[in-house]
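Protein sequences, first through last, are from chains A and B. Under my numbering, residue 244 is the last one in the first sequence; the count climbs by one each step, no gaps. Under my numbering, residue 244 is the last one in the second sequence; the count climbs by one each step, no gaps. Note that the Cβ used here is the ideal one computed from N, Cα and C, for glycine as well. Report on the structure given below.
There are 2 protein chains.
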Amino acid sequence: MSSLPETAAVEAASARIAAHLREQILSGQLRPGDRIRQEEVGERLGASRLPVREALRILEAEGLTEHEARKGARVPRLSQHEVEVTYQMRERLEPLALVESLDQLTAADLHHLEEVQRRIEANDDVDRFLELDREFHLLTYTGCTLDPLMSMVTRMWNSTQHYRRAFVQLSGPGRRWVVNAEHRLILDAVERRDPVDSERYLAGHIRRTRIELGKHPEVFDGWTP
Amino acid sequence: MSSLPETAAVEAASARIAAHLREQILSGQLRPGDRIRQEEVGERLGASRLPVREALRILEAEGLTEHEARKGARVPRLSQHEVEVTYQMRERLEPLALVESLDQLTAADLHHLEEVQRRIEANDDVDRFLELDREFHLLTYTGCTLDPLMSMVTRMWNSTQHYRRAFVQLSGPGRRWVVNAEHRLILDAVERRDPVDSERYLAGHIRRTRIELGKHPEVFDGWTP
DNA sequence: TTGCACACGATTGGATCCAAAATCCAGACT
DNA sequence: AGTCTGGATTTTGGATCCAATCGTGTGCAA
Chain A
20 MSSLPETAAV EAASARIAAH LREQILSGQL RPGDRIRQEE VGERLGASRL
70 PVREALRILE AEGLTEHEAR KGARVPRLSQ HEVEVTYQMR ERLEPLALVE
120 SLDQLTAADL HHLEEVQRRI EANDDVDRFL ELDREFHLLT YTGCTLDPLM
170 SMVTRMWNST QHYRRAFVQL SGPGRRWVVN AEHRLILDAV ERRDPVDSER
220 YLAGHIRRTR IELGKHPEVF DGWTP
Chain B
20 MSSLPETAAV EAASARIAAH LREQILSGQL RPGDRIRQEE VGERLGASRL
70 PVREALRILE AEGLTEHEAR KGARVPRLSQ HEVEVTYQMR ERLEPLALVE
120 SLDQLTAADL HHLEEVQRRI EANDDVDRFL ELDREFHLLT YTGCTLDPLM
170 SMVTRMWNST QHYRRAFVQL SGPGRRWVVN AEHRLILDAV ERRDPVDSER
220 YLAGHIRRTR IELGKHPEVF DGWTP
């Protein structure tokens with residue numbers, strides 16, 4: 020039965036490479052402005068340059084890389100204004116996704132949500148918080164299966180991930196209780212399947228984050244290339 | 020100076036192919052559900068399959084094609100619900116782009132806008148209306164140079180283009196005067212650089228279109244494959 | 001010493017060839 | 001007669017090789 024040991028992972032090589040790079044970017048190992056050389060990643064992952072090119076296109080569609088003809092791929096660098104506008108877009112789009120999701124969420128989903136929120140409150144590591152916070156919000160949208168909407172939501176989370184990390188790192192856990200209070204109100208509104216309160220508290224949560232982020236312009240200029 | 024006649028069009032082949040396919044999809048020659056065979060387009064445009072693959076990835080990022088592993092590329096087919104949610108997204112995002120654009124619009128831009136609106140009012144061809152209407156709205160956003168926002172706006176226009184055409188075709192010019200009234204109010208608000216009215220009339224314009232579109236479910240089921 | 005030009009290395013873009021998977025059609029069996 | 005299975009064809013995925021272009025460093029001249 021083990022005659023074809025590698026056939027288990029028949030997933031396209033381009034998808035695997037894309038997943039690897041996605042992980043590297045979201046985890047912060049690849050930072051905005053970093054260049055991505057096709058040959059290098061191809062060599063490190065045991066593939067030729069061709070699937071790497073495909074992977075870079077896939078990531079470009081997800082907002083994780085940008086591509087300039089004959090200059091190669093980079094992790095996009097956003098200005099403070101661009102990040103703030105992206106947050107404004109999130110304020111307007113994510114409540115839509117949440118409302119679409121509300122009635123489709125199962126009891127298991129709600130259980131999972133509470134568990135994640137508990138872990139957020141028990142945790143004090145920065146990188147772990149980032150992961151859990153992302154998981155919390157995206158979980159609330161799992162009931163929304165509309166691809167046009169969900170792909171944009173994912174894009175917005177992806178492209179601002181690095182700046183969110185930088186912000187969380189330097190703001191520290193001081194005002195973490197605000198996040199928890201907001202999450203709890205969102206969670207309660209979701210459990211009551213209340214679209215009005217869900218939208219209100221979610222939009223407020225994102226808006227407050229945007230405003231606090233606006234007070235930290237140092238997140239955007241100090242780059243060490 | 021004409022020693023290199025083809026060097027003028029040094030644009031990457033993948034970009035040329037993407038432009039060609041984009042035109043075919045937006046003009047309606049390629050319709051939702053249509054499959055796109057790599058070899059076929061490569062042959063017709065005098066290129067190998069490789070740049071075609073790149074082009075398909077580019078278009079995927081623009082929301083014009085979708086790609087399934089080992090199954091190839093298709094023009095995405097949206098459900099009525101997906102189109103309606105896309106319109107709700109437009110209601111929320113495009114006012115943001117318009118407000119960002121407002122203060123950057125030049126006198127020449129405004130002149131151009133009025134000219135386009137005049138042509139819309141003088142025109143009675145369906146396909147021409149589609150082009151001009153798209154030009155009108157995108158023109159109002161030219162002052163907004165924020166890539167994260169503008170690429171999403173373009174995506175939304177792209178992915179719903181076919182359904183907009185079908186809707187305009189069967190609804191006829193009967194209520195075209197409503198569109199013109201709305202455009203005039205938007206135009207006036209833009210010329211006054213009034214963000215509140217700009218947002219209000221634009222959101223209303225998109226919302227009314229969405230609701231009228233909702234009355235025509237026949238746009239979404241009757242496909243002839 | 002500074003500025004420009006040329007050439008070389010590094011890197012991406014494209015073409016051809018080969019492998020693997022999916023689709024389609026025919027034939028046989030229930 | 002309908003359905004399932006098998007192979008043949010079509011189509012996509014990947015590797016290697018070649019061409020074009022960009023960045024850079026060095027050398028020469030003002």
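In this structure the region 66–78 of chain A does not lie against the region 105–119 of chain A, because fewer than three pairs of beta carbons, one per stretch, are closer than 8 Å. Proximity of chain A to V104 of chain B at the Cβ level (cut-off 8 Å) is accounted for by L115, E119, L165, P167, L168, in chain order.
Residue contact check for I77 of chain A against chain B: a CB pair falls below 8 Å.
Restricted to the region 54–96 of chain A, the beta strand (DSSP E) segments that are unbroken, complete and at least 3 residues in length are 85–87, 91–93, listed in chain order. In the three-state reduction of the DSSP assignment, G233 of chain B falls in the helix class. At the C-beta level, I139 of chain A and L83 of chain A stay beyond 8 Å of one another.
The C-beta of S178 of chain B comes closer than 8 Å to at least one C-beta of chain A. Interface with chain B (8 Å Cβ-Cβ cutoff): R41 of chain A is excluded. Counted as a single uninterrupted DSSP element, the alpha helix (DSSP H) harbouring P114 of chain A occupies residues 99–121. In the three-state scheme derived from DSSP, where H, G and I count as helix and E and B as strand, Q136 of chain B is classed as helix.
Not one beta carbon of chain A lies nearer than 8 Å to the beta carbon of L64 of chain B. Among the residues facing chain A, L206 of chain B is not included, as its CB has no counterpart in that chain under 8 Å away. Bounds of the alpha helix (DSSP H) holding Q43 of chain A are 32–45. For H86 of chain B against L75 of chain B, the beta-carbon gap comes to about 6 Å, under 8 Å, which counts as contact. The beta-carbon distance between S120 of chain B and T159 of chain B, rounded to whole angstroms, is 6 Å. This is short enough to meet the 8 Å contact definition. Sorting B:R93, B:P70, B:Q188, B:E113 by C-alpha distance to the C-alpha of R147 of chain B places B:Q188 at the top.
Minimum Cα-Cα distance from E81 of chain B among the listed residues B:P167, B:L124, B:C163 corresponds to B:P167. In the displayed model, G223 of chain B falls within a helix according to three-state DSSP.
The way I'd put it, the region 186–205 of chain B doesn't touch the region 122–136 of chain A; fewer than three beta-carbon pairs between them come closer than 8 Å. Interface residue (Cβ-Cβ distance to chain B less than 8 Å): E201 of chain A is not classified as such. Identification of chain B residues near E59 of chain A by a Cβ-Cβ cut-off of 7 Å yields none; the smallest Cβ-Cβ distance measures about 20 Å. Residues of chain B with a Cβ closer than 9 Å to the Cβ of E101 of chain A are, in chain order, L165, D166, P167, L168.
Listed by position along chain B, the residues whose Cβ is nearer than 9 Å to that of R56 of chain A form an empty set, because the closest Cβ is around 18 Å away. For the set A:N199, A:L78, A:L129, the Cα lying nearest the Cα of T228 of chain A is the one of A:N199. Residue-level contact by beta carbon fails for A185 of chain A and chain B, as no gap is shorter than 8 Å. Note that the C-beta distance between Y220 of chain A and I230 of chain A is not below 8 Å.
Around L112 of chain A, the beta-carbon contacts reaching into chain B at under 8 Å are M108, R111, L112. Distance from the CA atom of N177 of chain A to the CA atom of L117 of chain A, rounded to whole angstroms, is 18 Å.
With respect to the 8 Å criterion, I77 of chain A and S46 of chain A are not classified as neighbours on the basis of their beta carbons.
In the displayed model, Y160 of chain A falls within coil according to three-state DSSP, outside both helix and strand. DSSP, read as helix, strand or coil, puts T179 of chain A in helix. Spanning the alpha carbons of R203 of chain A and L149 of chain A requires a straight line of approximately 17 Å.
Neighbours of E73 of chain B across chain A, judged by C-beta separation under 8 Å: R72, R76. Judged by their CB atoms, I36 of chain A and G91 of chain A are not nearer to each other than the 8 Å cut-off.
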